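Per the numbering used here, residue 30 is the first one in the sequence shown, and the count goes up by one each step.
Heads up, the beta-carbon is just placed ideally off N, CA and C, and yes, glycines get one too.
The structure presented is a predicted model; accordingly, all values stated were derived computationally and were not measured.
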Amino acid sequence: MDYATTLSHLKLKGGTANRSFLKKRFLTRKTIHSIPKAARQDTHFGSKHTVLHIKPLYCRIIRFSDFRRPLYNAHTMTANRTLIISVFIVASCGLAYELIIAALASYLLGDSILQFSSVIGLYLFSMGIGAHLTRYIKDEDVLHRFIEIELLVGIIGGISALALFVAFGLSAAPFRTLLYAFVLIVGAVVGMEIPLVMRVLNRKGAEFKELVAKVLTFDYLGALAVSLLFPLLLAPKLGMARSALLFGILNAAVAYLTARVFKAELPRYRAIRLRALIVLSVLAATFAYADRISFKAEQSYFGDPVVYQSHSPYQRLVVTRWKDDTRLYINGNLQFSSRDEARYHEALVLPAMQMVQNAARILILGGGDGLAAREVLKYPQVKHVTLVDLDPDMTATFKTSATLSALNQGSLSHPKMHVVNDDAAKWLEGSSEKFDVIIIDLPDPSNFSLGKLYSVPMYRLVARHLQPQGKIVVQSTSPYFAPNAYWSVVATLEAAGLSTAPYHVYVPSFGEWGFVLAGFDKQFPVPQKFDVPTRYLNAQTAAEMFRFPPDMARRKVEPNYLNNQILVSYFESDWRNVTR
30 MDYATTLSHL KLKGGTANRS FLKKRFLTRK TIHSIPKAAR QDTHFGSKHT
80 VLHIKPLYCR IIRFSDFRRP LYNAHTMTAN RTLIISVFIV ASCGLAYELI
130 IAALASYLLG DSILQFSSVI GLYLFSMGIG AHLTRYIKDE DVLHRFIEIE
180 LLVGIIGGIS ALALFVAFGL SAAPFRTLLY AFVLIVGAVV GMEIPLVMRV
230 LNRKGAEFKE LVAKVLTFDY LGALAVSLLF PLLLAPKLGM ARSALLFGIL
280 NAAVAYLTAR VFKAELPRYR AIRLRALIVL SVLAATFAYA DRISFKAEQS
330 YFGDPVVYQS HSPYQRLVVT RWKDDTRLYI NGNLQFSSRD EARYHEALVL
380 PAMQMVQNAA RILILGGGDG LAAREVLKYP QVKHVTLVDL DPDMTATFKT
430 SATLSALNQG SLSHPKMHVV NDDAAKWLEG SSEKFDVIII DLPDPSNFSL
480 GKLYSVPMYR LVARHLQPQG KIVVQSTSPY FAPNAYWSVV ATLEAAGLST
530 APYHVYVPSF GEWGFVLAGF DKQFPVPQKF DVPTRYLNAQ TAAEMFRFPP
580 DMARRKVEPN YLNNQILVSY FESDWRNVTR
């Protein structure tokens, strides 16, 4: 409310206005002093009343001029502060839903680059639609509609992650359709929030340039806050489902608080407050049972009972167990089955260890489950093993869990072991150590962040840490299901200046799986015997590993460089042909 409107309401036309009239308009002594002195003829502050004389010449000026400084009363200031705080909260919630849905899509569907790009793009598009739709809301309905939208965002956004978990666990559920439906609906209603807040603030007399500056400032601050809190605190501690519900509760709380502050302007305040309390209660109850619901949903998806689950800043770990079969899933993808993991880990570790005489210093990149380390520690000549794995939750789980540490035979607690939780490339750049055998047991190159660890620069960096007669071994996905990706790994090692010896093994849980040996020389003698106890490998099975049938023969493919990440494209294309 500006001076002109205020004075017009009080009908000051060169006369006087006593304090009783001013008080009815929530005006104070400070307000009177804020009127320019040039406009005041005389002002008397008494104990019972205040007389304000306005010069006749200035009555017209005051009535029609714009002094640029809003004249707020106490209620208006409280209301505006409430709305500005609401902007911070709704901005945080809006970005949180976007991040949660995109992260879920990447975990459950794979291909994080595609999922994040499609979810974020569609979300921003639907926000634009929502912002456009606000033009059809009447000015007198703006406040009421804003509160209703906050409740709608809270309930839909809050249950989004939990609903998607449940849908993914049901094989018949149209998961992708539901996923993008949530993106469209949540994005549209989130897009309506800021335009409606700005209209409410504008109606309260806020100056336009200050209005835009404040709203956008708190909008961006809210986005910054959640972009830091979500990956570092909320996702690891609460998980996806409870994080979404927490932000839903915040949206509903904004609706309730706004209704309380503006109750004098809401003709149906009691009904609105009741709806807000119901939504808050439903979301709070769902928050309390979210872990149980998501646990049941994951059990239906994985089939076997889930005995452990965690969500770190890097990945989602799920361990299932049925009778004697323990399985580890990372981001929904099977990493091993205890029934046949010995085939995989013996094939990964033992050929390289047999080819290097007196291998004493071993480096393992990845392998946070400790199963590769178990095979390495079978050799008595090994003096030191360094294991570099990005995720501390992974190594801690397989070190402290009785069930899981039994699988790796306590390898992560062995006195010869040194576990480092760091990015493999970063650790290699900062280390000057050299090793006799380097074992690379990293997840498949399903996205660019993993693809860089299978690149020419990465393998050149690894080679700098290899002794002249040492050997490198790389798990390299399936030469049968993903032949282009497999042979691209071989080509990449060769482009890094290394000689290679590709081989494969049949693992019932995975099918045919491939590995690549590499070194500075071309000597890769097939082991005729193994110096340690084995469950699968012997001279005959070792010889068969290095022979490829025609349907897995070498293909002409390109090596993987950082500037093109062709390996990721090969991997996605190969596995898409298998699963479609």
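Could you tell me the distance, in whole angstroms, from the CA atom of residue 391 to the CA atom of residue 599? 31 Å
Span separating the alpha-carbon of residue 604 from that of residue 330: 20 Å
Rounded to whole angstroms, what's the CA-CA distance from residue 594 to residue 488? Just pull it up for me. Taking the straight line from one Cα to the other gives about 14 Å.
Which residue spans inside the stretch 539–563 form an unbroken beta strand (DSSP E) run of at least 3? You should have 540–548.
I'd like to confirm the pairing. Which residues does DSSP put opposite residue 395 in its beta bridges? Under DSSP, residue 395 forms a beta bridge with 470.
What are the start and end residues of the alpha helix (DSSP H) that includes residue 569? Counting along the chain, the alpha helix (DSSP H) containing residue 569 begins and ends at 568–574.
Take every Cβ of the stretch 240–251, pair it with every Cβ of the stretch 179–197, and state whether three or more of those distances are shorter than 8 Å. Using a C-beta cut-off of 8 Å, the stretch 240–251 makes no contact with the stretch 179–197, since fewer than three inter-stretch Cβ pairs fall below that distance.
Does DSSP put residue 304 in a helix, in a strand, or in coil? helix
How is residue 333 classed by DSSP in three states: helix, strand or coil? Looking at residue 333 - three-state DSSP - the assignment turns out to be coil, as it is neither helix nor strand.
Residue closest to residue 349, alpha-carbon to alpha-carbon, out of 524, 362, 189, 264: 362
Could you tell me the boundaries of the beta strand (DSSP E) in which residue 529 lies? 528–536
What residue ranges within the stretch 177–222 form continuous beta strand (DSSP E) runs of no fewer than 3 residues, ordered along the chain? none
Please classify residue 228 as buried or exposed, where buried requires at least 16 neighbouring CB atoms within 10 angstroms. buried
Taking the straight line between their C-alpha atoms, what separation do you get for residue 523 and residue 478? 21 Å
Taking C-alpha atoms, which residue in 454, 475, 269 lies nearest to residue 490? 454
Out of curiosity, what's the CA-to-CA distance linking residue 130 and residue 173? 28 Å
Any idea what DSSP makes of residue 509, helix, strand or coil? coil
According to DSSP, is residue 413 part of a helix, a strand, or is it coil? strand
Is the Cβ-Cβ distance between residue 529 and residue 519 less than 7 Å? Against a cut-off of 7 Å, the Cβ pair of residue 519 and residue 529 comes out as a contact.
Assuming residue 417 contacts residue 411 under a Cβ cut-off of 8 Å, what Cβ separation, rounded to an integer in Å, is found between them? In fact, because the Cβ distance is near 17 Å, the residues do not count as touching under 8 Å.
Going straight from the alpha carbon of residue 387 to that of residue 556, what length do you get? 15 Å
Through-space distance from residue 500 to residue 553, alpha-carbon basis: Using only the alpha carbons, I get a separation of about 9 Å.
Minimum C-alpha distance to residue 432 - residue among 511, 336, 396: 336
Quick one: what does DSSP say residue 422 is sitting in, helix, strand or coil? helix
Is there a C-beta anywhere in chain C that falls below 7 Å from the one on residue 459? The structure shown contains no chain C, having only a single protein chain.
Keeping to the same chain, check which residues put their C-beta closer than 6 Å to that of residue 532; ignore five residues upstream and five downstream. The beta carbon of residue 532 sits closer than 6 Å to the beta carbons of 544, 574, 575 from its chain, once the five residues preceding and following it are set aside; these are given in chain order.
Validate contact between the stretch 272–279 and the stretch 306–319 using beta carbons, cut 8 Å, 3 pairs: Output reads yes: the stretch 306–319 touches the stretch 272–279.
Spatial neighbours of residue 476 in its chain, beta-carbon cut-off 7 Å, leaving aside the 5 residues before and after: 140, 141, 142, 597
Leaving out five residues on either side along the sequence, give the residues of the same chain with a beta carbon under 7 Å from the beta carbon of residue 401. 374, 377, 378, 393, 468, 470
Terminal residues of the beta strand (DSSP E) in which residue 357 lies: 354–359
For the beta strand (DSSP E) containing residue 292, name the first residue and the last one. No beta strand (DSSP E) contains residue 292, which DSSP labels as neither H nor E.
Beta-carbon proximity check, residue 176 vs residue 287, cutoff 7 Å: Closer than 7 Å, so yes.
Along the chain, where does the alpha helix (DSSP H) containing residue 259 start, and where does it finish? Careful: residue 259 lies outside any alpha helix (DSSP H) and carries neither H nor E.
Whose C-alpha, out of 548, 607, 551, 509, is nearest the C-alpha of residue 579? 509
Quick one: what does DSSP say residue 363 is sitting in, helix, strand or coil? strand
What did DSSP end up calling residue 464 once you bin it into helix, strand or coil? strand
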